[in-house]
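All remarks here apply to the structure that follows.
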Amino acid sequence: MITNYDEFSSAAEYRKKFYEIGKPIFARHGFQFKNNCFYRKNGDVF
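Taking the working numbering, the leading residue of the sequence shown gets 849, the next gets one more, and so forth.
In structure tokens form, the structure reads like this:
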């Protein structure tokens, strides 16, 4: 059993790394990052 496990801290670190690594990859495919989400405009629709 794991003790003193800070679930929120590890989730925040995971999210931070995902954004660091994901932003350039998603940008190459036409995505933009805003409000902690990735968006891609397809015609006039997000």
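No residue lacks a Cβ here, since even glycine has one placed at the ideal position from N, Cα and C. Keep in mind the model is a prediction, meaning the values are calculated, not measured.
Mind checking which residues open and close the beta strand (DSSP E) that includes residue i?
i      : result
LYS889 : LYS889 -> no beta strand (DSSP E), and no H or E assigned at all.
Starting from the C-beta of residue i, find all residues in its chain whose C-beta is less than 7 Å away, skip the five residues before and the five after it, and write them out in chain order.
i      : result
ARG876 : none
LYS871 : PHE881
Would a C-beta distance cut-off of 8 Å place residue i and residue j closer than the cut-off?
i      : j      : result
TYR867 : PHE879 : no
Within a Cβ cutoff of 6 Å, which residues of the same chain sit near residue i, ignoring the five residues on either side of it in sequence?
i      : result
PHE874 : PHE886
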